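These notes concern the structure reproduced below.
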Amino acid sequence: MDFAQNIIDEILDQYLFADSSKRPWIIGFSGGKDSTVMLQLVWKALEKAKHFHGFVRRDVYVVCNDTLIENPIILEYVNQVLNKIEQAAVEQDMPICVVRTIPRLEDSLWVNMIGKGYPAPNNAFRWCTERLKIKPTARFITEQVDAFGEAIILIGTRYSESANRAKTMKSHSIKGKRLTKHPIQPNTWMYAPIRYLSLEQVWYVINTMASPWGADNHQLFKIYANASADDYECPEVVTDTTHISCGQSRFGCWLCTVVKEDKSMAALIGNGFEWLKPLLIYRDWIVFERNNISNRMNTRRNGTKAINDMGCYTPSYRALMLGKLLETQKEIQQNHPNVQLITNQELIAIQTIWYRDFIFDYKVSDVYHKIFKSNFDMKESNEKIQKEVDLLKESCKDNQDNYDLIQELLTLQKSKSLLNRKRGLKTDIETRIENYLNKENDAN
Numbered sequence: 000m001d002f003a004q005n006i007i008d009e010i011l012d013q014y015l016f017a018d019s020s021k022r023p024w025i026i027g028f029s030g031g032k033d034s035t036v037m038l039q040l041v042w043k044a045l046e047k048a049k050h051f052h053g054f055v056r057r058d059v060y061v062v063c064n065d066t067l068i069e070n071p072i073i074l075e076y077v078n079q080v081l082n083k084i085e086q087a088a089v090e091q092d093m094p095i096c097v098v099r100t101i102p103r104l105e106d107s108l109w110v111n112m113i114g115k116g117y118p119a120p121n122n123a124f125r126w127c128t129e130r131l132k133i134k135p136t137a138r139f140i141t142e143q144v145d146a147f148g149e150a151i152i153l154i155g156t157r158y159s160e161s162a163n164r165a166k167t168m169k170s171h172s173i174k175g176k177r178l179t180k181h182p183i184q185p186n187t188w189m190y191a192p193i194r195y196l197s198l199e200q201v202w203y204v205i206n207t208m209a210s211p212w213g214a215d216n217h218q219l220f221k222i223y224a225n226a227s228a229d230d231y232e233c234p235e236v237v238t239d240t241t242h243i244s245c246g247q248s249r250f251g252c253w254l255c256t257v258v259k260e261d262k263s264m265a266a267l268i269g270n271g272f273e274w275l276k277p278l279l280i281y282r283d284w285i286v287f288e289r290n291n292i293s294n295r296m297n298t299r300r301n302g303t304k305a306i307n308d309m310g311c312y313t314p315s316y317r318a319l320m321l322g323k324l325l326e327t328q329k330e331i332q333q334n335h336p337n338v339q340l341i342t343n344q345e346l347i348a349i350q351t352i353w354y355r356d357f358i359f360d361y362k363v364s365d366v367y368h369k370i371f372k373s374n375f376d377m378k379e380s381n382e383k384i385q386k387e388v389d390l391l392k393e394s395c396k397d398n399q400d401n402y403d404l405i406q407e408l409l410t411l412q413k414s415k416s417l418l419n420r421k422r423g424l425k426t427d428i429e430t431r432i433e434n435y436l437n438k439e440n441d442a443n
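Residue 266 in numbering that gives the first Met the number 0 sits at position 267 of the sequence shown; the count goes up by one each step and never skips.
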């Protein structure tokens, strides 16, 4: 396996000799075939560095981003692998640190789609990538750049992946240099150690080189085999670099609405993972209903007129999406209780945004109770708040409209406090009062 040894030697040279600085290395790790091979080869290079010098001076961060809507099969596998990497790094005294990143609450898919009413992403409006994938990792990179002045990102991209990928890599490359400037992130460099590997070579490394952190690489191969939508049959073992192998399937968010159809998820279901079927059904429903004009308002988030009246999702459809999502979660949890499709924090944030959008006809707690037949604590049922409500009711017993207005104004204030963003509170309150006065004038 001379090609792998050559890459290890190149990585070792880059780590110890070509760069005398202490700029940290940041490895983007998805748990997939390419990032796994890259990390294995980097690990082997670090072992050599320790053998030659007795120490390693540069920190290496293994950064894995969870979009919060990852394929459950992949998420479980990746978490297992990350735990093994952490443990092995300590036991082997390697300068490797695992970092898990997630989107900020206001950037999560459900908060934007169900909360704010953003239409499901597609190729024309792909708002998810930056919020769910780019920003979380970029924040960590910025922290390292602030601390060390610069950082180097190791990426598992390969020229043979596709013509577009090869064109992009060549456009950023510098002749005779291993490092290329990051196109967006300042003071950041990129390094692609496995850039010349073929797909068959990638699988050859995975199936013939023992995982330095003790993972079962055959498990990864099996996942790709089960999710393969390729025309050829996946072999059980790759024995040489010319052996046709799996690997065309791409894993990502289980709700990915950018692709026309989720072939990987469909293949997993067809290969025995039938419990994933509710996810695919929900995903296909979201895609089917995306351009249904009855689900859309005629304005954008900023209040401007939308093209063809295809603006944000209506409040009723947002509530419907939430209900179907919770039904899907309930069905999945019957056999896999640890799978959580939406977090409690996201549910609270969705309710907060509904309040800010003056949506008072639908409540997250009501939708949740309808599905699970249990109460969802929105932190508004404590004794103190109940006394305040009773007192307000007594004070406004002769005017229900006044009671409703005050309740809505208090709700707006609480929602701003919850997200720690007071900006716009004055405008929201003024708008609500103006609407109330206009309603009173119309009634008179």
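Every residue gets a Cβ at the ideal spot worked out from N, C-alpha and C, and that includes glycine. Keep in mind that this is a model prediction, so the values were computed, not measured.
For this session: Kindly give me the distance between the Cβ atoms of M309 and I292, rounded to whole angstroms, as I take these residues to be in contact under 8 Å.
Result: Counted from its first residue, the sequence shown places residue 309 at position 310. Counted from its first residue, the sequence shown places residue 292 at position 293. About 6 Å separates the two Cβ atoms, so the contact holds.
For this session: Measure the C-alpha to C-alpha separation of K259 and N401 and round it to an integer number of angstroms.
Result: Counting from 1 along the sequence shown, the entry for residue 259 is found at position 260. Counting from 1 along the sequence shown, the entry for residue 401 is found at position 402. Using only the alpha carbons, I get a separation of about 50 Å.
For this session: Under 8 Å by Cβ, that's how I've got G322 and I370 pegged, so tell me the actual separation to the nearest angstrom.
Result: Position 323 of the sequence shown, counting from 1, holds the residue named residue 322. Position 371 of the sequence shown, counting from 1, holds the residue named residue 370. G322 to I370, Cβ: 6 Å. Contact.
Problem set entry | Three-way DSSP call (helix, strand, coil) for R282 in this model | Mapped onto the sequence shown, residue 282 falls at position 283. If DSSP states are grouped into helix, strand and coil, R282 belongs with the helices.
Problem set entry | DSSP-derived helix/strand/coil call for W253 | Taking the sequence shown and counting its residues from 1, one reaches residue 253 at position 254. W253 falls in the coil class under three-state DSSP.
Exercise. So, is N225 buried or exposed, given that buried needs 16 or more other C-beta atoms within 10 angstroms?
Worked result: Locating residue 225 in the sequence shown gives position 226, where the first residue counts as 1. It counts as buried.
Exercise. Using the rule of at least 16 other Cβ atoms within 10 Å of the residue's Cβ for burial, across every protein chain shown, is S19 buried or exposed?
Worked result: Taking the sequence shown and counting its residues from 1, one reaches residue 19 at position 20. Flag for S19 reads exposed.
Exercise. Using DSSP with H/G/I as helix, E/B as strand and the rest coil, what is E69?
Worked result: For the purposes of this step, residue 69 is taken as residue 70 along the sequence shown, with counting starting at 1. Note: E69 maps to strand in three-state DSSP.
Problem set entry | First through last residue of the alpha helix (DSSP H) which encompasses Q266 | By 1-based counting over the sequence shown, the position of residue 266 is 267. Rather than Gln, the amino acid found at residue 266 in this sequence is Ala. Segment 262-269, the alpha helix (DSSP H) holding A266.
For this session: Look at the Cβ atom of T136, then the Cβ atom of R194, and state whether they are nearer than 8 Å.
Result: Position 137 of the sequence shown, counting from 1, holds the residue named residue 136. Position 195 of the sequence shown, counting from 1, holds the residue named residue 194. It is not a contact, given that the beta carbons lie outside the stated cut-off.
For this session: Can you tell me which of V366, F357, I331 puts its alpha carbon nearest to the alpha carbon of I432?
Result: Numbered from 1 along the sequence shown, position 433 holds the residue referred to as residue 432. Looking at the Cα atoms, F357 is the closest of the given residues.
Exercise. Cα separation between R130 and L278?
Worked result: Working through the sequence shown from its first residue, we reach residue 130 at position 131. Working through the sequence shown from its first residue, we reach residue 278 at position 279. So the alpha carbons of these two residues sit roughly 22 Å apart.
For this session: Would you tell me roughly how many angstroms separate the C-alpha atoms of L196 and I101, rounded to the nearest one?
Result: Locating residue 196 in the sequence shown gives position 197, where the first residue counts as 1. Locating residue 101 in the sequence shown gives position 102, where the first residue counts as 1. So the alpha carbons of these two residues sit roughly 30 Å apart.
Exercise. Who are the Cβ neighbours of Y76 in its own chain at under 8 Å, not counting the five residues just before and after it?
Worked result: Position 77 of the sequence shown, counted from the first residue, corresponds to residue 76. Taken in chain order, the residues that qualify are G30, Q218, L219, I222.
Exercise. Enumerated in chain order, which unbroken segments of the alpha helix (DSSP H) with a length of 4 residues or greater are wholly contained in the region 267-341?
Worked result: 276-288, 314-332
Exercise. Going by beta carbon distance, what residues of the same chain come within less than 8 Å of Y281, once the five residues before and after it are set aside?
Worked result: Counted from its first residue, the sequence shown places residue 281 at position 282. Excluding sequence neighbours, Y281 sits near L254, K323, L324, T327.
For this session: Thinking C127 and P120 are a contact (beta carbons under 8 Å), I'd like their distance in whole angstroms, please.
Result: To locate residue 127, count along the sequence shown from 1; it is residue 128. To locate residue 120, count along the sequence shown from 1; it is residue 121. Contact holds; Cβ gap of about 4 Å.
Problem set entry | N- and C-terminal bounds of the beta strand (DSSP E) containing T187 | Residue numbering aside, residue 187 sits at position 188 when the sequence shown is read from its first letter. Note, T187: beta strand (DSSP E), 187-190.
Exercise. When the Cα of I133 is compared with those of T66, F51, N122, G114, which residue comes out closest?
Worked result: The residue labelled residue 133 in the question sits at position 134 within the sequence shown. Per the Cα distances, T66.
Exercise. So which of N337, K372, G302, A348 has the shortest CA-CA distance to L74?
Worked result: Position 75 of the sequence shown holds residue 74. Of the listed residues, the one whose Cα sits closest to L74 is N337.
For this session: Use the C-beta contact count for D261: other C-beta atoms within 10 angstroms, 16 or more gives buried, fewer gives exposed.
Result: The residue you call residue 261 lines up with position 262 of the sequence shown. Burial call: buried.
Exercise. I think V201 touches K43, with their Cβ atoms under 8 Å apart; what is that distance to the nearest whole Å?
Worked result: Counting from one through the sequence shown, the residue named residue 201 turns up at place 202. Counting from one through the sequence shown, the residue named residue 43 turns up at place 44. With 8 Å as the limit, V201 and K43 do not qualify as a contact, their Cβ atoms being about 15 Å apart.
Problem set entry | Three-state secondary structure assigned by DSSP to R127 | Within the sequence shown, the letter at position 128 stands for residue 127. This sequence places Cys at residue 127; Arg is not what is there. Helix, per DSSP.
Exercise. Can you check whether the CB of I331 is closer than 8 Å to the CB of W109?
Worked result: Sequence index remark: in the sequence shown, residue 109 carries index 110 (1-based). Sequence index remark: in the sequence shown, residue 331 carries index 332 (1-based). No.
Problem set entry | For V201, the first and last residue of its enclosing alpha helix (DSSP H) | If you number the sequence shown from 1, residue 201 lands on position 202. Residues 198-207.
Exercise. Helix, strand or coil: how does DSSP classify K21 here?
Worked result: As a position in the sequence shown, residue 21 is number 22, starting the count at 1. Reduced to three states, the DSSP call for K21 is coil.
For this session: Evaluate F124 with the Cβ neighbour count: other Cβ atoms within 10 Å of its Cβ, from every protein chain shown; 16 or more gives buried, anything less gives exposed.
Result: Stepping through the sequence shown from its first residue, residue 124 is reached at position 125. F124 should be labelled exposed.
Exercise. Should Q4 go down as buried or exposed, given a rule of 16 or more other Cβ atoms within 10 Å for buried?
Worked result: By one-based count along the sequence shown, residue 4 stands at place 5. Counting Cβ neighbours within 10 Å, Q4 comes out exposed, since fewer than 16 surround it.
Problem set entry | Neighbourhood of D230 by C-beta, 8 Å cutoff - its chain only, sequence neighbours within 5 removed | Within the sequence shown, residue 230 is the residue found at index 231, counting from 1. With a pLDDT of 40 at D230, under the threshold of 50, the modelled position of this residue cannot be trusted; read the value that follows with caution. Nothing listed; no residue qualifies.
Exercise. Do you know how far the Cα of L15 is from the Cα of I152?
Worked result: By one-based count along the sequence shown, residue 152 stands at place 153. By one-based count along the sequence shown, residue 15 stands at place 16. Cα to Cα, I152 sits roughly 16 Å from L15.
Exercise. Rounded to the nearest angstrom, how far is the Cβ of K47 from that of I7, given a contact under 8 Å?
Worked result: The residue labelled residue 47 in the question sits at position 48 within the sequence shown. The residue labelled residue 7 in the question sits at position 8 within the sequence shown. Contact holds; Cβ gap of about 7 Å.
For this session: Taking only runs that begin and end inside the region 81-122, name each unbroken beta strand (DSSP E) of 3 or more residues, in chain order.
Result: 95-100
Exercise. From the DSSP output, which residues share a beta bridge with I152?
Worked result: As a working mapping, residue 152 is identified with position 153 in the sequence shown. Looking at the DSSP assignment, I152 forms a beta bridge with I25, M189.
Exercise. Leaving out the 5 sequence neighbours to the left and right, which residues in its chain are closer than 8 Å to R289 when beta-carbon positions are compared?
Worked result: Stepping through the sequence shown from its first residue, residue 289 is reached at position 290. Within the same chain, R289 has close Cβ partners P118, A119, N121, T256.
Exercise. How many angstroms separate the CA atom of Q344 from the CA atom of K176?
Worked result: By 1-based counting over the sequence shown, the position of residue 344 is 345. By 1-based counting over the sequence shown, the position of residue 176 is 177. Straight-line Cα distance between these residues: approximately 46 Å.
Problem set entry | Pair within 8 Å by beta-carbon distance, G114 and I352 | Residue 114 sits at position 115 when you count from the first residue of the sequence shown. Residue 352 sits at position 353 when you count from the first residue of the sequence shown. Result yes, Cβ atoms of G114 and I352 sit closer than 8 Å.
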